[in-house]
Amino acid sequence: MKKYIPALTIALALLPAAQAIAEAIPINVRKTNGCGCCLSWMKHLEENGFTPTGEDMFGGSLVRFKLDNGVPQRMVSCHTALVEGYVIEGHVPASDIQRLLEERPDAVGLAVPGMPYGSPGMGPEDEREAYDVFLIREDGSTEVYTSYTGS
């Protein structure tokens, strides 16, 4: 004899997943077409409570977008994201973005300049090189927000 699971039991079992999707934070990522590390970083975001969407831009347009949104030239990396009024430049860990959204400092956003090996989307974390996440202030100044040591 087959056992049937009531629909309510199934709905309750799916509730945590549905809530997680509903609570996920949307983030729009501007990148160049076919950039593998950008896609890997977006996957990292998705695994950590965000719902990333990607928008491909040509190189010159992407650089202009970065500068127009307050990213100093010395902080530039390969992709730029917008989330809840903040700019996220480069391979910033999701935990730092979540902290930024909780603390809500008066700032442009966060940046990881360059493409440090072992940062999210840039290779295995257990082989990472040391890097800093910078807070970008409205006046273009920066300060270290989080430091990651090398493995």
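Everything in the sequence shown is counted per our numbering, starting at 526 for the first residue and increasing by one.
Backbone N, C-alpha and C fix where the C-beta goes; we use that ideal spot for every residue, glycine too.
Please read these numbers as outputs of a predicted model, since none were measured by experiment.
Straight across, the Cα-Cα distance linking P641 with R653 is about 8 Å.
With respect to the 8 Å criterion, V554 and C563 are classified as neighbours on the basis of their beta carbons. Rounded to whole angstroms, the separation of the alpha carbons of S586 and D657 is 26 Å. Scanning the stretch 555 to 595 for uninterrupted alpha helix (DSSP H) segments of 4 residues or longer gives 561 to 571 and 584 to 593, listed from N- to C-terminal end. Excluding sequence positions up to five before and after C560, its CB lies within less than 8 Å of the CB of C603 and H604, all in the same chain and listed in chain order. Note on geometry: alpha-carbon atoms of G648 and G595 lie some 28 Å from one another.
Here D631 carries a coil assignment [DSSP, helix/strand/coil]. In the structure shown, D621 adopts helical secondary structure according to DSSP, grouped into three states. According to DSSP, residue pairing for P551 in a beta bridge involves T576. The beta carbon of E571 sits closer than 7 Å to the beta carbons of P577 from its chain, once the five residues preceding and following it are set aside; these are given in chain order. By the neighbour-count criterion, in which 16 or more other beta carbons inside 10 Å mark a residue as buried, P551 falls on the exposed side.
Note: Y673 is bridge-paired with Y656 in the DSSP secondary-structure output.
In the DSSP assignment, E663 falls outside any beta strand (DSSP E), carrying neither H nor E. Take the alpha-carbon of M582 and the one of E628: they are about 30 Å apart. Straight-line spacing of the CA atoms in A632 and D593 works out to 15 Å.
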